[in-house]
């Protein structure tokens with residue numbers, strides 16, 4: 001092999017081939033085999049250098065790079081060059097032809113990993129703000145030091161021994177003196193632990209909403225409607241609303257009931273929280289406010305109970321629209337339909353039920369309301385208000401002309417509004433009087 005300057009290259013000798021074969025194969029090779037391998041090796045090296053030179057010329061470079069050799073070996077169908085892109089560790093062994101020994105020191109992967117990767121990754125220093133104290137009290141959070149509380153001495157109280165009486169009355173005597181706390185107790189609904197900040201927020205929100213300042217109440221409800229971090233407080237609000245509705249229905253305070261319903265509406269309108277898991281506690285109070293039968297709540301034409309019933313009906317409709325729970329609408333409609341089967345129907349209750357049925361669509365109106373219009377008419381005719389003398393002076397001119405009370409007139413107007421709207425819609429194909437009588441019953445002539 002001649003170089004550019006006219007000198008001859010130093011070729012690999014047979015001893016080099018024998019050394020490599022002993023290290024790789026583990027045994028000696030013959031002279032003929034070593035010469036054949038040496039001839040093939042020199043030929044391959046010559047082809048690699050020629051191809052690498054062509055790559056250098058094609059790329060316009062003045063020197064051959066490692067990349068040129070790698071491309072040349074790839075074009076010739078050879079593997080990756082040993083020592084350049086080695087996929088596995090090469091094994092080195094001691095040879096007999098060299099004056100010194102080449103040995104590989106075995107080392108397991110378990111010993112190499114701690115040297116390469118540190119056992120503990122050091123994170124960057126960050127600064128995080130937290131409450132040091134709230135109203136002079138240190139909150140119990142991991143960032144604050146643990147307060148040392150002195151252990152109070154435990155007083156040991158010796159209970160007087162029960163004198164055992166001979167005879168069959170011993171068992172009865174022991175059963176009579178058994179503590180009552182050992183009896184079976186029903187487990188109440190449990191809520192998860194809240195931080196001090198969340199407890200203070202819950203307390204302030206509830207006090208503000210149930211207070212007398214309308215401006216602060218509006219701001220608190222707006223906070224519940226837009227705050228994205230209220231999901232942990234939903235179970236606590238749910239328990240408070242259920243208990244608040246129960247107490248205020250007994251005390252017949254309509255204003256507080258409306259405030260509690262506005263809290264539920266704010267949660268429904270807040271797209272960042274999900275109250276689906278608490279609907280089993282929220283829907284019964286809403287239905288209770290819708291169908292409540294309490295003369296103390298409906299205290300006259302200007303009573304807020306009519307607004308409460310309409311608000312609850314709209315709230316149920318919003319819940320059904322947002323949470324596509326299977327059979328929720330059917331179960332609510334079934335509850336509404338039961339109001340028509342009572343022996344002594346209460347007109348304000350029927351008003352709330354019919355108002356809710358109208359919100360659930362024309363199909364519900366056709367299947368639930370129209371077949372029961374006869375029962376509604378009988379309830380209107382047979383209704384006698386409890387405080388009739390008190391409200392005679394508050395009747396409107398239309399009520400005095402018709403001889404109806406405020407409850408009778410309000411329910412009649414609602415039924416007529418629904419029937420008239422349905423008659424003017426495209427679902428009413430036959431406009432004849434007979435069709436009106438079949439569909440609207442006792443209200444047919446007035447609608448027609």
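Numbering (full-length UniProt numbering), first residue to last: 1 to 448. Yeah, the Cβ is synthetic: ideal placement off N, Cα and C, and Gly gets one too. Keep in mind it's a predicted model, so treat the numbers as computed, not measured.
request  = Tell me residue 137's beta-bridge partners as DSSP assigns them.
outcome  = Under DSSP, residue 137 forms a beta bridge with 134.
query = Whole-angstrom Cβ separation of residue 329 and residue 335, contact assumed at under 8 Å?
reply = No, residue 329 and residue 335 are not in contact; Cβ-Cβ is about 11 Å, not under 8 Å.
Collapsed DSSP secondary structure at residue 165 in the structure displayed = In this prediction, residue 165 has a pLDDT of 49, which is less than 50 and means its spatial position is unreliable; nothing more can be read from the coordinates.
message = If you reduce the DSSP assignment to three classes, tell me which class residue 67 lands in.
response = Three-state DSSP puts residue 67 in a helix.
message = Taking contact to mean 3 or more Cβ pairs, one atom from each stretch, closer than 8 Å, check whether the region 200-207 and the region 230-242 are in contact.
response = Yes: the two stretches touch, three or more of their Cβ pairs being nearer than 8 Å.
Element boundaries [alpha helix (DSSP H), containing residue 261] = 254-269
request  = Compare the Cα-Cα distances from residue 272 to each of 253, 438, 442 and 225 and report the closest residue.
outcome  = 225
key: Other residues of its chain near residue 61: CB distance less than 6 Å, five sequence neighbours each side excluded   = none
Endpoints, the alpha helix (DSSP H) within which residue 437 is located = Looking at the DSSP string, the run of the alpha helix (DSSP H) that includes residue 437 is 433-440.
ask   = On the three-state DSSP scale, how would you describe residue 145?
value = coil
query = In the structure shown, what three-state DSSP assignment does residue 326 receive?
reply = Coil at residue 326, not helix or strand.
request  = Measure the Cβ-Cβ separation of residue 72 and residue 48 and say whether it is below 8 Å.
outcome  = Yes, the pair counts as a contact, with Cβ atoms nearer than the cut-off.
request  = Report the rounded CA-to-CA distance for residue 352 versus residue 337, giving the unit in angstroms.
outcome  = 12 Å
key: Terminal residues of the alpha helix (DSSP H) in which residue 225 lies   = Run containing residue 225: 214-226, per the alpha helix (DSSP H) assignment.
task = Would you kindly check if the distance between the Cβ of residue 268 and the Cβ of residue 322 is under 8 Å?
result = yes
request  = Just tell me which of 63, 379, 439 and 228 has its CA closest to the CA of residue 411.
outcome  = 379
inquiry  = Given this structure, state the Cα-to-Cα distance separating residue 183 from residue 414, to the nearest angstrom.
reply    = For residue 183, the predicted structure reports a pLDDT of 49, less than 50, and the residue's modelled location is therefore unreliable. The matter cannot be settled from this model.
key: Per-residue DSSP class, three states only, for residue 85   = Low local confidence applies: a pLDDT of 48 at residue 85 is under 50, so the model's placement there is unreliable, and no value is given.
key: Distance between residue 125 and residue 45 (C-alpha atoms, nearest Å)   = 56 Å
ask   = Whole-angstrom Cβ separation of residue 356 and residue 349, contact assumed at under 8 Å?
value = Rounded, the Cβ-Cβ distance is 11 Å, inconsistent with contact.
key: Residue of 313, 76 and 144 minimising C-alpha distance to residue 130   = The residue with the shortest Cα to Cα distance from residue 130 is 144.
task = Work out the CA separation of residue 436 and residue 445 for me, nearest whole Å.
result = 8 Å
message = Which of the three DSSP states is assigned to residue 54 in this structure?
response = helix
query = Going by the CB atoms, is the gap between residue 439 and residue 370 shorter than 8 Å?
reply = yes
request  = Work out the CA separation of residue 28 and residue 50 for me, nearest whole Å.
outcome  = 32 Å
ask   = Nearest-angstrom Cα distance between residue 274 and residue 362?
value = Taking C-alpha positions only, residue 274 is separated from residue 362 by approximately 29 Å.
ask   = Using the C-alpha atoms, what's the distance from residue 313 back to residue 432?
value = 33 Å
inquiry  = If I measure Cβ to Cβ from residue 18 and keep anything under 8 Å in the same chain, skipping five residues before and after, which residues do I get?
reply    = 28, 29, 34 and 97
Same chain, Cβ closer than 6 Å to residue 20, five either side skipped, listed in chain order = Within the same chain, residue 20 has no close Cβ partners at all.
ask   = Below 8 Å between beta carbons: does that hold for residue 365 and residue 372?
value = For the pair residue 365 and residue 372, the CB atoms are not nearer than the 8 Å cut-off.
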